[in-house]
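2 protein chains.
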Amino acid sequence: MKSPFLSRRDFLKTSALAVAGLPLLGTQAAEPKRKIGFALCGLGNLSTHQIAPALQTTEFCRLAGIVTGTPAKAARWKAQYNIPDHCIYNYDTMAQMADNPDIDVVYVVTPNALHEESTVKAAKAGKHVLCEKPMEISVARCQQMIDACRDAKKLLAIGYRLHFEPNNLECVRLAREKVFGQLKSIEAGFGFAIGDPKQWRLNRALAGGGPLMDVGIYALQAMRYLTGDEPVEVSATQSTTDKTKFHDVEETISWQLKFPGGLLANGEATYGFNGPNRFNAYAERGSFGMEPAYSYHGLRGHRSDGHEIQLPDIDQFAAEMDDFAQCILNQRPTRVPGEEGLRDVKIMMAIYEAARTGKAVTL
Amino acid sequence: MKSPFLSRRDFLKTSALAVAGLPLLGTQAAEPKRKIGFALCGLGNLSTHQIAPALQTTEFCRLAGIVTGTPAKAARWKAQYNIPDHCIYNYDTMAQMADNPDIDVVYVVTPNALHEESTVKAAKAGKHVLCEKPMEISVARCQQMIDACRDAKKLLAIGYRLHFEPNNLECVRLAREKVFGQLKSIEAGFGFAIGDPKQWRLNRALAGGGPLMDVGIYALQAMRYLTGDEPVEVSATQSTTDKTKFHDVEETISWQLKFPGGLLANGEATYGFNGPNRFNAYAERGSFGMEPAYSYHGLRGHRSDGHEIQLPDIDQFAAEMDDFAQCILNQRPTRVPGEEGLRDVKIMMAIYEAARTGKAVTL
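Quick note, the sequences are listed as chains X and E, same order.
Just so you know, we're using my numbering here: the first sequence kicks off at 669 and counts up by one.
Just so you know, we're using my numbering here: the second sequence kicks off at 669 and counts up by one.
Next up, the structure:
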């Protein structure tokens, strides 16, 4: 199955990967009933309120284990999900997963700057890795993650849940099939008024950056999956109105990407206010977009010809995990490989450079 | 009456002007029934389809004369509006207006690069000037217009019709009275797929630039009238996908303004596609905006608390002209003086410089 999100370059790359290096798996296509065992690594809000509940609704996955540095969380999860002791790890014991056939995948849900460490440990323990976005806080670390999984002959996917979301997929179809003609411009923004000033998202060492890394990445992804293309030039401006809360990362950032052929994309991300949750794509003969575009539920799209876009509201995390499980079961490449995550990080680093220097950056 | 659009700086400036230099007018407040005579200078689409019809609905104005370089237009307008021969001018005979007491105001509606010439001629002939936006194609020319009207002791206003539009004014009130708290960010865009490739708007010598000058100025104005402040830094990116049609001016341009205190504003203007017609203002406790924001009719606003903004749909040109007539009749300053027009041109020139150089420009 070719994902409508994949650019031609992606497709060739992942197809080549599939032929050249995709691991032979212990699980054969002849045993389709076996559920892929997921260990959740990092038991914060996302794991607690989204991923663990989603796992209960998947077709091909099961919550098999956990990795946490907090014994109290381990006890709570053990009780709630009936997780056996041999499937409970902390960050120092992950190497022992190598001896645990119940765990096929480690889903890395830690703060951004800890993704590389856990991914490499998981890969070395012979596990496939699904890693939350943003992939990491530098291109070099992303590359290390890709290398570690490739060396271990394990799959690596990034948690880009919207690649499995029907309304976003419909917009990708409208763009790629040129239903309104050639795309001319995209504007996309995502932001919210962040709460607790002590959370890791406001700590540059753990987050790698501010709202761009956390929510701006959705707007950046929209630009990339709608065009199916890669930007060639970036400019950006960042700004902070509350210097007490935002002393370590930016409060608000806007950026412009120029794509081959001249398409211009404008993005904005913020932690300073309840901002947009939206993209709009303008084409030769009309426009379309979504608002809200990036939420877990309730997404809605619009088209300039008056048609609404309101396809089924699915559990995006369940879809994402079931897809990864099927990649493993059927030995096919993921539509959201590590290379996709690295490309976003590379562009985000260029956005930060452009904002810092006040100069356009060529990619 | 203090306009809610005026910044403190504007107000002091225009008040000072009123005290120091506002001309004594032939018309006294004791004769409120006298209608101010407008001569339309430039009889293109805007004059034909908007301004002349609007003049028929004004309370304090009348269509008194015309200035046109096209004899056939003169004949048509003479017949349609019963304009006497002594009130029909061409660009070479404008000096003779000095002897015509029927004409109080020249409304300059020519291509942008001809505004200065007609404004100076009108001022020298002792007429007040209302000039369409953008004021001119350079800061120097704007200053010459201001100087000419000041030397002649005549009023100069720029045709910023939205300063008289109730829905836009309500948004200015929401911003200035901090109904949703301090403003944090603004995004504004305006654009359309331009038709005839031979029109003057695509000719840099006549237009001074592309969609930024023509429609982007509305988005820029929104940023300035919502904040009541002046930007301190500009960055911008421009792009062209159709190099046949857009060989002389930009097709699409996006820009970012940083305001004192850190507010960030993102703008976009285009001639390449039917783009946005919108602004959104994000504040501490909510957001509001308009879509469509800049049209002649049918404007609608929205607020994050669910209230709609839908105030009466007025004839904006009539309101603008009646206000200017009242400024003349009551010897008060206009809320849209030449200085306001110059400031936009200055910022737009900085936007073009930033786009051309790929570097942020400090204002």
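For each residue, glycine too, the CB sits at the ideal point set by N, CA and C.
Quick caveat, the model's predicted, so the values are computed rather than measured.
Quiz item: If you compare alpha carbons, which of X:L1010, X:A722, X:D753 is closest to I885 of chain X?
Solution: X:L1010
Quiz prompt | Spatial neighbours of T787 of chain E in its chain, beta-carbon cut-off 6 angstroms, leaving aside the 5 residues before and after | solution = V776, V797, C799, M813
Quiz item: K822 of chain X: buried (16+ other C-beta within 10 angstroms of its C-beta) or exposed?
Solution: buried
Self-check item: Proximity test, Cβ basis, 7 angstroms: Y775 of chain E and chain X
Solution: no
Quiz item: If V1013 of chain E sits next to H831 of chain E, beta carbons under 8 angstroms apart, how far is it from one beta carbon to the other, in whole angstroms?
Solution: Not confirmed; about 17 angstroms, so no contact.
Practice problem: Within its chain, find whatever has a CB closer than 6 angstroms to the CB of I805 of chain E; leave out the 5 residues flanking it on each side and keep chain order. | Solution: N780, A781, G876
Quiz item: What is the C-beta distance between K846 of chain X and L931 of chain X, in whole angstroms, given that I count them as a contact (C-beta under 8 angstroms)?
Solution: Not a contact, Cβ separation roughly 13 angstroms.
Quiz item: Quick one, are the C-beta atoms of V900 of chain X and L723 of chain X less than 7 angstroms apart?
Solution: no
Quiz item: Given P944 of chain X, which residues of its chain have a CB within under 7 angstroms of its CB, disregarding the five upstream and five downstream residues?
Solution: G857, F858, G859, E936
Quiz item: Under 6 angstroms from any heavy atom of the ligand HEM, does the C-beta of F941 of chain X make it?
Solution: Judged by which ligands are present, the structure shown has none, so any question about the ligand HEM falls away.
Exercise. Tell whether a beta-carbon distance below 7 angstroms holds between A993 of chain X and I704 of chain X.
Key: yes
Exercise. Taking L842 of chain X as the query, report the chain E residues whose CB atoms sit under 9 angstroms from its CB, ordered along the chain.
Key: Ordered by position in chain E, no residue passes the 9 angstroms Cβ test against L842 of chain X, which lies about 14 angstroms from the chain.
Practice problem: Give the residues of chain X in contact with E918 of chain E, contact being defined as C-beta atoms less than 9 angstroms apart. | Solution: By Cβ distance, chain X contributes nothing, its closest Cβ being about 10 angstroms from E918 of chain E, past 9 angstroms.
Exercise. Report back the beta-carbon spacing between L880 of chain E and I921 of chain E to the nearest angstrom; my notes put them in contact at under 8 angstroms.
Key: 5 angstroms
Practice problem: Verify whether the separation of the beta carbon atoms of Y893 of chain E and V840 of chain E is less than 7 angstroms. | Solution: yes
Quiz item: If we count the other Cβ atoms within 10 Å of its Cβ and call it buried at 16 or more, is E976 of chain E buried or exposed?
Solution: exposed
Quiz item: If you draw a straight line from the C-alpha of R829 of chain E to the C-alpha of Y939 of chain X, how long is it?
Solution: 35 angstroms
Quiz item: Can you check whether the CB of A904 of chain X is closer than 7 angstroms to the CB of A1023 of chain X?
Solution: yes
Quiz prompt | Distance, Y1020 of chain E Cα to G712 of chain E Cα | solution = 27 angstroms
Quiz item: What does P820 of chain E reach in chain X if we use C-beta pairs closer than 9 angstroms?
Solution: Correcting the residue identity first, residue 820 of chain E is Ala in this sequence and not Pro. Those within 9 angstroms of A820 of chain E in chain X number zero; the least Cβ separation is about 42 angstroms.
Quiz item: Three-state secondary structure (DSSP) at G966 of chain X?
Solution: coil
Exercise. Helix, strand or coil for F728 of chain X, going by three-state DSSP, please let me know.
Key: coil
Practice problem: Tell me whether the beta-carbon of A793 of chain X lies closer than 7 angstroms to the beta-carbon of A825 of chain X. | Solution: no
Practice problem: Using the Cα positions of T941 of chain X and R953 of chain E, report the straight-line distance between them to the nearest angstrom. | Solution: Looking at the sequence provided, one finds Phe at residue 941 of chain X rather than Thr. Taking the straight line joining both Cα atoms gives about 8 angstroms.
Exercise. Take I734 of chain X as the anchor and find which of X:A790, X:T726, X:F728 has the nearest alpha-carbon.
Key: X:A790
Quiz item: Roughly how many angstroms separate the alpha carbons of K701 of chain X and K1027 of chain X, rounded to a whole number?
Solution: 55 angstroms
Practice problem: Under 7 angstroms Cβ to Cβ from K795 of chain E, same chain only, skipping five residues before and after it: list those, please. | Solution: M765, I771, D772, V773, V774, K822
Quiz prompt | Spatial distance of C817 of chain E from G849 of chain E (CA atoms) | solution = 40 angstroms
Quiz item: When the Cα atoms are used, what is the spatial distance from T726 of chain X to L708 of chain X?
Solution: 15 angstroms
Exercise. Counting only runs of 4+ residues fully inside the region 753 to 832 of chain E, write out the alpha helix (DSSP H) ranges in chain order.
Key: 783 to 792, 807 to 819
Practice problem: Anything in the region 884 to 897 of chain E with a Cβ closer than 8 angstroms to a Cβ of chain X? List those residues in chain order, please. | Solution: none
Exercise. State the DSSP-derived secondary structure class of E918 of chain E, mapped to helix, strand or coil.
Key: coil
Quiz item: When the cut-off is 7 angstroms and only beta carbons count, does F941 of chain E lie next to chain X?
Solution: yes
Self-check item: Presumed contact (8 angstroms Cβ cut-off) between M891 of chain E and A951 of chain E, rounded CB distance
Solution: Their Cβ separation, rounded to whole angstroms, is 14 angstroms, which puts M891 of chain E and A951 of chain E out of contact at 8 angstroms.
Self-check item: Nearest neighbour of T1025 of chain E, chosen from E:H915, E:V883, E:Q906, E:G969 [CA to CA]
Solution: E:Q906
Quiz item: From this set, E:P721, E:N750, E:P752, E:N758, which residue's C-alpha is nearest G710 of chain E's C-alpha?
Solution: E:N758
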